[in-house]
């Protein structure tokens with residue numbers, strides 16, 4: 001296995017994974033060493049790809065793992081890039097990204113701050129789920145037009161002009 005490229009952000013994420021694996025004291029000893037989570041992921045991908053002999057079989061294959069610690073989890077995704085020379089010439093691509101811990105949205109605070117009615121509050125909660133007007137209407141047993149009216153009132157109260165703007169105002173810290 002040969003590392004071909006790693007950017008600065010990936011190096012920093014590797015450092016965080018090493019700290020989670022070995023502790024802060026021992027992470028200095030592991031400096032410059034790929035974390036075991038990455039080498040294990042690479043080995044798993046190689047093992048799986050040796051049984052997938054056709055390049056088209058590689059298209060749908062991806063391995064995902066979460067590494068790091070619970071406060072700063074890092075998503076690792078790996079897949080293979082086939083080569084005419086076979087598995088020995090193939091490349092592996094592993095991407096790393098920090099997973100943001102989802103904050104619990106407290107729409108109750110927004111209800112008070114913007115003086116939303118109970119129904120407007122319910123509409124905001126469904127907007128936060130990414131629901132369409134039709135889905136919101138069905139969930140609340142109202143018409144789509146009524147949902148649109150609620151959204152207009154919420155926009156006025158939050159000083160927003162879009163659905164996304166509403167959410168930005170509501171969930172702003």
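In full-length UniProt numbering, the protein residues as written are 1 to 173.
Beta carbons are placed, not taken as given, at the ideal position from N, Cα and C, and that holds for glycine.
Source: prediction; values computed, not measured.
Taking 8 Å as the threshold (C-beta atoms), are residue 123 and residue 147 in contact?
Judged by beta-carbon spacing, residue 123 lies within the 8 Å limit of residue 147, meaning their Cβ atoms are closer than that value.
Interface flag, residue 82 vs chain C, CB-CB below 8 Å
Although the question refers to chain C, the structure presented lacks it and comprises just one protein chain.
From the DSSP secondary-structure annotation, give me the bridge partner or partners of residue 64.
Partner(s): 77.
Mind checking who residue 183 pairs with in its DSSP beta bridge?
Given that the chain is displayed from residue 1 to residue 173, the structure contains no residue 183 and the question cannot be resolved.
Under a Cβ-count criterion, where at least 16 other Cβ atoms within 10 Å of its own Cβ denotes burial, should residue 18 be classed as buried or exposed?
The residue is buried, with at least 16 neighbouring Cβ atoms inside 10 Å.
Return the residue from the list 127, 133, 131 and 152 that minimises the CA-CA distance to residue 171.
When only C-alpha atoms are compared, the closest one is 127.
List in chain order: all unbroken alpha helix (DSSP H) runs of 4+ residues lying wholly within the segment 110-169.
DSSP runs (the alpha helix (DSSP H)) wholly in the segment 110-169: 118-128, 133-140 and 144-158.
I need the boundaries of the alpha helix (DSSP H) containing residue 43, first residue and last residue.
Per DSSP, residue 43 belongs to the alpha helix (DSSP H) from 36-51.
Could you tell me the alpha carbon to alpha carbon distance between residue 103 and residue 86, rounded to whole angstroms?
The predicted model places residue 103 with a pLDDT of 47, which falls under 50 and marks its position as unreliable; any figure quoted below should be read in that light. The straight-line gap from Cα to Cα measures roughly 45 Å.
Does the beta-carbon of residue 107, which I'm using as the reference point, lie nearer than 7 Å to any heavy atom of the ligand ATP?
The ligand ATP is not among the ligands present in this structure, which contains no ligands whatsoever.
Is the separation between the beta-carbon of residue 80 and that of residue 41 shorter than 8 Å?
No, these two residues do not count as a Cβ contact at 8 Å.
Counting only the same chain and skipping the five closest in sequence on each side, list residues whose C-beta sits under 7 Å from that of residue 134.
In the same chain as residue 134, and ignoring 5 residues on each side of it, the C-beta atoms closer than 7 Å to its own belong to 144, in chain order.
Count the other CB atoms within 10 Å of the CB of residue 120; is the residue buried (16 or more) or exposed (fewer)?
For residue 120, the number of other beta carbons within 10 angstroms of its own is at least 16, and it is reported as buried.
Here's a check: name, in chain order, each residue in its chain whose Cβ is nearer than 7 Å to the Cβ of residue 16, leaving out the five neighbours to either side.
Closer than 7 Å at Cβ, skipping near neighbours: 68, 72 and 74.
Residue 174 - DSSP class collapsed to helix/strand/coil:
This structure leaves residue 174 out entirely; the chain is present only between 1 and 173.
Assign residue 3 to one of two classes, buried (16 or more other C-beta atoms within 10 Å of its C-beta) or exposed (fewer than that).
By the neighbour-count criterion, in which 16 or more other beta carbons inside 10 Å mark a residue as buried, residue 3 falls on the exposed side.
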